[in-house]
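Numbering that gives the first Met the number 0 puts the first residue of the sequence shown at 0, with every later residue one more than the last.
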Amino acid sequence: MITYSKSHFLLSESSPEYAAFALVLAAVSFLIYRWALPKPIPGIPYDKKVARSIFGNLPELISWQKVHGRPILYMTDYCRRLSSPLAQVWLGPLRKPVLVVTDFTEIENLTQRRAKEFGRGRDFTQSFRYVVPEFHVALEKEDPKYSANKDLLKDTMTPTFLQNVSSPQIYMRSNNLVSLWKFKHEHARGRAFDAFEDIFSAASDMILAAAIAVNDENSAIVQQLKYLESFEGELPLQFDERFNSVIFPHLPNLAHIKGLERLSHHIGEQVLSAFPNIMHYYRLLKDNVLRQSYAWVKRFEAMEIQKSVSHLENKTITSVLDHMVKRERRAADSKGIKPDYFRNGIFDELTGYYQAGHETSATTITWTLKFLAQNQDSQDKLRNNLRQYHAEAYQAGRQPTKEEIAGADIPYLHAIIEETLRMRPPFPALMRSTLVDTEIMGYRIPKGTTILMPSSGPGLDEPAIPVPEDLRTKSDITKRRPDWSPEDVHLYNPGRWLKWDEELGETRFDPSAGPMQSFGFGPRQCFGKRLAYIQLRTLVTLLFWNFKFVELDGEIASLQGHESTTLIPNYCYVKLEELAA
Numbered sequence: 000m001i002t003y004s005k006s007h008f009l010l011s012e013s014s015p016e017y018a019a020f021a022l023v024l025a026a027v028s029f030l031i032y033r034w035a036l037p038k039p040i041p042g043i044p045y046d047k048k049v050a051r052s053i054f055g056n057l058p059e060l061i062s063w064q065k066v067h068g069r070p071i072l073y074m075t076d077y078c079r080r081l082s083s084p085l086a087q088v089w090l091g092p093l094r095k096p097v098l099v100v101t102d103f104t105e106i107e108n109l110t111q112r113r114a115k116e117f118g119r120g121r122d123f124t125q126s127f128r129y130v131v132p133e134f135h136v137a138l139e140k141e142d143p144k145y146s147a148n149k150d151l152l153k154d155t156m157t158p159t160f161l162q163n164v165s166s167p168q169i170y171m172r173s174n175n176l177v178s179l180w181k182f183k184h185e186h187a188r189g190r191a192f193d194a195f196e197d198i199f200s201a202a203s204d205m206i207l208a209a210a211i212a213v214n215d216e217n218s219a220i221v222q223q224l225k226y227l228e229s230f231e232g233e234l235p236l237q238f239d240e241r242f243n244s245v246i247f248p249h250l251p252n253l254a255h256i257k258g259l260e261r262l263s264h265h266i267g268e269q270v271l272s273a274f275p276n277i278m279h280y281y282r283l284l285k286d287n288v289l290r291q292s293y294a295w296v297k298r299f300e301a302m303e304i305q306k307s308v309s310h311l312e313n314k315t316i317t318s319v320l321d322h323m324v325k326r327e328r329r330a331a332d333s334k335g336i337k338p339d340y341f342r343n344g345i346f347d348e349l350t351g352y353y354q355a356g357h358e359t360s361a362t363t364i365t366w367t368l369k370f371l372a373q374n375q376d377s378q379d380k381l382r383n384n385l386r387q388y389h390a391e392a393y394q395a396g397r398q399p400t401k402e403e404i405a406g407a408d409i410p411y412l413h414a415i416i417e418e419t420l421r422m423r424p425p426f427p428a429l430m431r432s433t434l435v436d437t438e439i440m441g442y443r444i445p446k447g448t449t450i451l452m453p454s455s456g457p458g459l460d461e462p463a464i465p466v467p468e469d470l471r472t473k474s475d476i477t478k479r480r481p482d483w484s485p486e487d488v489h490l491y492n493p494g495r496w497l498k499w500d501e502e503l504g505e506t507r508f509d510p511s512a513g514p515m516q517s518f519g520f521g522p523r524q525c526f527g528k529r530l531a532y533i534q535l536r537t538l539v540t541l542l543f544w545n546f547k548f549v550e551l552d553g554e555i556a557s558l559q560g561h562e563s564t565t566l567i568p569n570y571c572y573v574k575l576e577e578l579a580a
């Protein structure tokens with residue numbers, strides 16, 4: 000039998016060949032390591048320590064998130080550590096640098112006045128790719144589907160459409176929440192209760208009412224109230240002594256709402272993930288509810304589309320979907336083809352409409368309730384302003400009608416909403432990508448660079464980081480908003496948005512009083528901004544007309560939150576006192 004020694008196959012560890020091989024291997028490994036290290040854009044500040052790791056800022060960011068819970072604040076803290084309003088970070092191995100911009104004036108300039116240089120970019124659209132890939136917000140203008148899909152929603156954000164079609168639906172569904180909370184107040188026995196699910200369900204009802212004129216059968220709040228009223232005798236309440244709160248029985252979410260909320264959460268997961276494609280397939284593998292959500296939503300939307308198609312000849316438009324169906328037929332007729340009411344673009348625009356208007360409004364309402372419970376003077380002032388403006392309704396012992404709310408111009412109500420959006424913006428950051436080689440604050444920026452612009456931090460709810468004026472463009476200097484005072488920029492103060500108008504002899508709301516970027520600027524600002532303001536004004540008016548929100552204490556009064564698609568409070572409890580109309 001022939002035997003072979005180890006030396007027939009391996010180099011001897013003492014041989015020159017082995018030494019040469021080891022040296023080459025070490026050299027190649029070193030070159031690969033050097034190749035994989037972050038590649039800074041020349042001149043832009045960064046932490047030299049993170050640039051010596053192939054993982055860049057990722058380990059530091061993960062550690063920050065475990066302690067603080069809000070990744071975006073890592074970015075603003077990073078810029079402050081570097082004493083620079085512009086810095087570069089690396090969010091994983093083999094990734095290009097992401098530029099973090101924390102100067103409001105520069106952000107407003109590049110998003111509003113330099114839109115041809117800055118698009119939404121791949122990092123932004125990647126977040127929508129596996130949920131609503133044909134939603135126009137997720138498409139670049141160069142995509143042939145962009146114009147066709149956006150055309151479906153044309154005019155749905157005009158004042159006329161919003162007032163005649165969307166506002167009545169929103170008012171009706173807002174009243175449903177008032178009815179539910181009157182019932183809960185009666186049974187809460189003076190204790191607080193968790194309002195989070197109710198607010199998110201009400202926001203779902205409002206956006207679905209605007210989108211499809213949702214009926215009571217598919218209204219989460221209506222069904223929840225019916226469920227509670229179905230109990231005979233005493234409600235089976237539970238009491239949480241830790242928070243001195245009451246826990247009401249809760250009807251599980253309707254399938255379509257459960258599906259829409261899970262898909263919304265899935266978008267948020269991908270926004271926060273360094274590897275969204277891996278995150279998507281991992282979730283699909285492990286999460287049965289996510290897999291079912293696609294089917295639940297598709298089935299529900301198909302039924303609603305069929306309803307709209309069936310009454311296509313009806314000239315009365317009651318929802319956004321009715322409008323979309325008519326525009327699809329009009330576009331098909333102009334091309335001499337058969338309309339496709341069930342194409343992916345229509346499904347994605349409908350789902351995207353929900354995503355754009357649901358969580359943003361819901362989280363803003365939760366923060367408004369929390370801030371005004373802690374700031375009783377502001378709450379009282381808001382209620383007094385509502386009663387003064389709607390004096391006829393107050394004297395008649397009723398709440399304002401939908402027409403009265405829709406036509407109201409109440410400066411302090413606007414200021415309350417704007418201050419809440421400043422202190423707790425729904426979107427953690429704006430994101431853009433350079434479409435061409437360009438320049439930011441005197442630095443050359445290559446095409447394809449991702450720009451991250453936090454919606455909180457320096458200049459917004461913290462003192463600004465100083466910027467030399469010679470780095471600003473002329474448009475920055477001539478069209479800039481005044482900075483907030485560093486002494487009180489961190490405080491909740493709706494009055495900062497009000498100014499005295501000498502000519503009119505009255506106090507006016509000034510939306511440009513200072514920095515705030517909750518909805519973005521320019522042609523790529525939030526599509527549903529006008530709809531969101533209508534939802535907020537309607538619901539805030541009705542809630543504070545009917546209830547006093549008692550100040551809470553302890554852990555549930557915390558103003559801390561966590562980031563998903565939006566910034567969500569860790570706790571949202573309310574303790575109510577019902578007011579006479």
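Every residue gets a Cβ at the ideal spot worked out from N, C-alpha and C, and that includes glycine.
Helix or strand or just coil, what does DSSP make of residue i?
{"i": "residue 597", "result": "The structure shown does not extend to residue 597, since the chain is modelled only from 0 through 580, so no value can be given for it."}
{"i": "residue 3", "result": "Confidence is the limiting factor: at residue 3 the pLDDT is only 44, short of 50, which leaves the residue's position unreliable, though a coordinate-based value still follows. Correct three-state label for residue 3: coil."}
{"i": "residue 99", "result": "strand"}
{"i": "residue 256", "result": "helix"}
{"i": "residue 136", "result": "helix"}
{"i": "residue 87", "result": "strand"}
{"i": "residue 123", "result": "helix"}
{"i": "residue 581", "result": "In this structure the chain extends from 0 to 580, so residue 581 is not present and cannot be described."}
{"i": "residue 489", "result": "coil"}
{"i": "residue 518", "result": "coil"}
{"i": "residue 543", "result": "helix"}
{"i": "residue 10", "result": "Any reading at residue 10 must be qualified, since the residue scores a pLDDT of 49, below 50, and its modelled position is unreliable; no value is offered."}
{"i": "residue 16", "result": "helix"}
{"i": "residue 66", "result": "helix"}
{"i": "residue 386", "result": "helix"}
{"i": "residue 313", "result": "coil"}
Going by DSSP, name the residue or residues bridged to residue i.
{"i": "residue 508", "result": "497"}
{"i": "residue 567", "result": "561"}
{"i": "residue 548", "result": "575"}
{"i": "residue 224", "result": "Bridge partners of residue 224: none, in fact."}
{"i": "residue 461", "result": "457"}
{"i": "residue 533", "result": "Bridge partners of residue 533: none, in fact."}
{"i": "residue 52", "result": "DSSP output for residue 52 lists no bridge partner at all."}
{"i": "residue 247", "result": "None, per the DSSP bridge assignment."}
{"i": "residue 286", "result": "Paired residues: none, contrary to the question."}
Do residue i and residue j have their C-beta atoms within less than 7 angstroms of each other?
{"i": "residue 311", "j": "residue 211", "result": "no"}
{"i": "residue 188", "j": "residue 244", "result": "no"}
{"i": "residue 450", "j": "residue 457", "result": "no"}
{"i": "residue 162", "j": "residue 208", "result": "no"}
{"i": "residue 393", "j": "residue 386", "result": "yes"}
{"i": "residue 317", "j": "residue 425", "result": "no"}
{"i": "residue 356", "j": "residue 133", "result": "no"}
{"i": "residue 435", "j": "residue 107", "result": "no"}
{"i": "residue 550", "j": "residue 301", "result": "no"}
{"i": "residue 87", "j": "residue 43", "result": "yes"}
{"i": "residue 462", "j": "residue 427", "result": "no"}
{"i": "residue 532", "j": "residue 555", "result": "no"}
{"i": "residue 84", "j": "residue 573", "result": "no"}
{"i": "residue 137", "j": "residue 124", "result": "yes"}
{"i": "residue 520", "j": "residue 111", "result": "yes"}
{"i": "residue 215", "j": "residue 172", "result": "no"}
{"i": "residue 250", "j": "residue 179", "result": "no"}
{"i": "residue 186", "j": "residue 234", "result": "yes"}
State yes or no: is the beta carbon of residue i nearer than 7 angstroms to at least one beta carbon in chain D?
{"i": "residue 329", "result": "Protein chains in the displayed structure number just one, and chain D is not present."}
Is there contact between the region 537-556 and the region 433-452, where contact requires at least three CB pairs shorter than 8 angstroms?
-> no
Only counting runs of 4 or more residues, tell me where the alpha helix (DSSP H) segments fall wholly within the region 388-457, in order along the chain.
-> 390-394, 401-405, 410-422
Touch test, the region 479-495 against the region 113-129, Cβ-Cβ under 8 angstroms, three pairs minimum = no
Are there three or more Cβ pairs, one per stretch, closer than 8 angstroms when the region 250-262 is compared with the region 197-208?
-> yes
Are the region 148-163 and the region 348-360 touching by the rule of at least three beta carbon pairs closer than 8 angstroms?
-> yes
Can we say the region 295-311 touches the region 321-330, given the rule of at least three CB pairs closer than 8 angstroms?
-> yes
Runs of alpha helix (DSSP H) lying entirely within the region 148-235, each at least 4 residues, in chain order = 166-186, 195-211, 219-228
Counting Cβ pairs, one atom from each stretch, are 3 or more of them under 8 angstroms apart for the region 516-528 and the region 554-562?
-> no
Does the region 89-97 come close enough to the region 38-58 that 3 or more CB-CB pairs lie under 8 angstroms?
-> yes
Do the region 400-414 and the region 69-87 touch if we need at least three Cβ pairs shorter than 8 angstroms?
-> no
Examine the Cβ distances between the region 408-425 and the region 352-368 and report whether three or more of them are shorter than 8 angstroms.
-> yes
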